[in-house]
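Enquirer: Going letter by letter, the sequence shown gives residues 0 to 300 in numbering that gives the first Met the number 0.
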Amino acid sequence: MNFVPLFSIFVLLASGYLAKRTKVIPQAQLIILIDFVLNFAMPALIFDKVYHVELDAKILSITACGLLAQFSAAFFAFMLGKALKFSKATIASMTLLAMFGNTLFVGLPVISGLLGEELQNQVILFDQIVTCVPVAIFGPLVLSYAAPSHVSLVKNAMKIMKFPPFIALILALIAKCFTLPEFIFEPMRLFAASVVPVALFAVGLGLGFGGVRSAYKSTIIVIALRMFVAPALFALFAFMLGLGGDKIYMVGLLESAMPPMVLASAMILKAGLDSNLAISAVALGVCATFINVPLIFWIFG
Numbered sequence: 000m001n002f003v004p005l006f007s008i009f010v011l012l013a014s015g016y017l018a019k020r021t022k023v024i025p026q027a028q029l030i031i032l033i034d035f036v037l038n039f040a041m042p043a044l045i046f047d048k049v050y051h052v053e054l055d056a057k058i059l060s061i062t063a064c065g066l067l068a069q070f071s072a073a074f075f076a077f078m079l080g081k082a083l084k085f086s087k088a089t090i091a092s093m094t095l096l097a098m099f100g101n102t103l104f105v106g107l108p109v110i111s112g113l114l115g116e117e118l119q120n121q122v123i124l125f126d127q128i129v130t131c132v133p134v135a136i137f138g139p140l141v142l143s144y145a146a147p148s149h150v151s152l153v154k155n156a157m158k159i160m161k162f163p164p165f166i167a168l169i170l171a172l173i174a175k176c177f178t179l180p181e182f183i184f185e186p187m188r189l190f191a192a193s194v195v196p197v198a199l200f201a202v203g204l205g206l207g208f209g210g211v212r213s214a215y216k217s218t219i220i221v222i223a224l225r226m227f228v229a230p231a232l233f234a235l236f237a238f239m240l241g242l243g244g245d246k247i248y249m250v251g252l253l254e255s256a257m258p259p260m261v262l263a264s265a266m267i268l269k270a271g272l273d274s275n276l277a278i279s280a281v282a283l284g285v286c287a288t289f290i291n292v293p294l295i296f297w298i299f300g
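1) Mind checking which residues open and close the alpha helix (DSSP H) that includes residue 133?
2) Which residue from 59, 73 and 99 puts its Cα closest to that of residue 135?
3) Opposite residue 259 in the DSSP bridges: which residues?
4) Residue 30: buried (16+ other C-beta within 10 angstroms of its C-beta) or exposed?
5) For a quick check, are the C-beta atoms of residue 132 and residue 90 less than 8 Å apart?
6) Note the first and the last residue of the continuous alpha helix (DSSP H) segment covering residue 122.
7) If distances are taken between C-alpha atoms only, which option among 84, 96 and 14 comes closest to residue 265?
8) Return the CA-CA distance between residue 165 and residue 28, expressed in angstroms with no decimal places.
9) At the level of alpha carbons, what is the spacing between residue 106 and residue 296?
10) For residue 226, collect the residues of the same chain with a Cβ closer than 7 Å to its Cβ; drop the 5 residues on either side in sequence, then sort them by chain order.
11) Would you check if the region 192 to 199 and the region 62 to 69 touch, i.e. whether three or more CB-CB distances between them fall below 8 Å?
12) What's the call for residue 122, buried or exposed, on a 16-neighbour Cβ count within 10 Å?
13) Residues in its own chain within less than 7 Å of residue 138 by CB, not counting five upstream and five downstream?
14) Can you list the alpha helix (DSSP H) stretches of 4 or more residues lying completely in the region 191 to 243, in chain order?
15) When you compare only the Cα positions, how much space is there between residue 219 and residue 280?
16) Do residue 93 and residue 211 have their CB atoms nearer than 8 Å?
17) Taking the continuous alpha helix (DSSP H) assigned at residue 69, which residues delimit it?
18) Between the region 113 to 127 and the region 42 to 49, do at least 3 Cβ pairs fall closer than 8 Å?
19) Mapping the DSSP letters down to three states, classify residue 110 as helix, strand or coil.
20) By how many angstroms is the C-alpha of residue 73 removed from the C-alpha of residue 253?
21) Can you give me the Cβ contacts of residue 289 inside the same chain, cut-off strictly under 8 Å, excluding the 5 residues immediately before and after it?
22) In this structure, how does DSSP classify residue 296 when only helix, strand and coil are distinguished?
23) Do residue 118 and residue 228 have their beta-carbon atoms positioned less than 8 Å apart in this structure?
24) Using the three-state DSSP reduction, which class does residue 185 fall into: helix, strand or coil?
25) For residue 91, verify whether its CB is less than 7 Å away from any heavy atom of the ligand ZN.
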């Protein structure tokens, strides 16, 4: 296994965290980096990759297995939270964090480095179908279990339709019906090249370990379900469908093992639920990536 991609990810994350600790860049500026990625770099990346990806039954089956795995992990998180008599705020937070992984910001550089950049198209498609659209739909519904405010499906639908990455996805699918000149994609690729370094640096800038002690039980459950149980379930569902043994399968397996999603954490913080769990799960999840990814390669690679 080639550890250079993991080392590169570590350096980018550590640089962001060091910038925060040394106050070279205030943590408050994190939102500027995230806004740039979400509104410019990521839409450019998505349009380019989805336009060029070849849709077939196998990649759609892989994404279906990913959806089943993450919803199963969320169900287990909810039931464990109920069994352990956690508060509603913690149960809702656990469920959301166990459901959605960081399939783009961490998944893209990990898979591109380990399996090859030619699989970026499949990574982007998996991210959009399994993570991006579902988190916008189900995120508010999960949080409404504990949040006092009423969830409006119409408002959520409008937010999804206005979300730049989603707009890029729809436009790319429509554009696949036409032949576009390649020069159109050159400026997009310049934007797209900034997604991984800027996003990882931003994640590092937002890392925090202060609340781990007060939320260690729920954090351990989330990390175990999101990063170890979910990929095991993915492998089981893929086996039942007769899938496996190639790079497309490994894309789905590794994406299913990614740490808790930063956006899910942000949604929990905004809803005023279990903030310690939200921050701790993301921070420890990123660290756990350096354990579960080599483990998966050792078992399945």
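Every residue, glycine too, gets a C-beta built ideally from N, C-alpha and C. Just so we're clear, the structure is a prediction, and the values are computed from it rather than from any experiment.
Expert: With the structure as the only source:
1) From DSSP, the alpha helix (DSSP H) with residue 133 extends over 132 to 142.
2) Of the listed residues, the one whose Cα sits closest to residue 135 is 99.
3) Beta-bridge partners of residue 259 (DSSP): 100.
4) Result: exposed.
5) No; because the gap between Cβ atoms is not below 8 Å, this pair is not in contact.
6) Segment 119 to 125, the alpha helix (DSSP H) holding residue 122.
7) Minimum Cα distance to residue 265 is reached at 96.
8) Using only the alpha carbons, I get a separation of about 24 Å.
9) Taking the Cα positions, residue 106 is about 14 Å away from residue 296.
10) By the criterion of a C-beta distance shorter than 7 Å, residue 226 is surrounded in its chain by 256, 258, 284, 287 and 291, once the five residues flanking it on both sides are discounted.
11) A contact between stretches requires three or more CB pairs, one per stretch, nearer than 8 Å, and the region 62 to 69 fails this requirement with the region 192 to 199.
12) Label assigned to residue 122: buried.
13) The beta carbon of residue 138 is closer than 7 Å to those of 95, 263 and 266 in its chain, skipping five residues each way along the sequence.
14) The alpha helix (DSSP H) runs of length 4 or more contained entirely in the region 191 to 243 are, from start to end of the chain, 194 to 205, 215 to 223 and 229 to 239.
15) If I take the Cα positions, the gap works out to 8 Å.
16) No, they are not a contact pair.
17) In the DSSP assignment, residue 69 falls within the alpha helix (DSSP H) that extends over 56 to 82.
18) A contact exists between the region 113 to 127 and the region 42 to 49.
19) Three-state result, residue 110: helix.
20) Their Cα atoms are separated by approximately 18 Å.
21) Cβ within range, chain order: 5 and 9.
22) Residue 296: helix per DSSP, three-state reduction.
23) Contact annotation: residue 228 and residue 118 have beta-carbon atoms that are not nearer than 8 Å.
24) Note: residue 185 maps to helix in three-state DSSP.
25) As for the ligand ZN, it is missing from this structure, which has no ligand bound.
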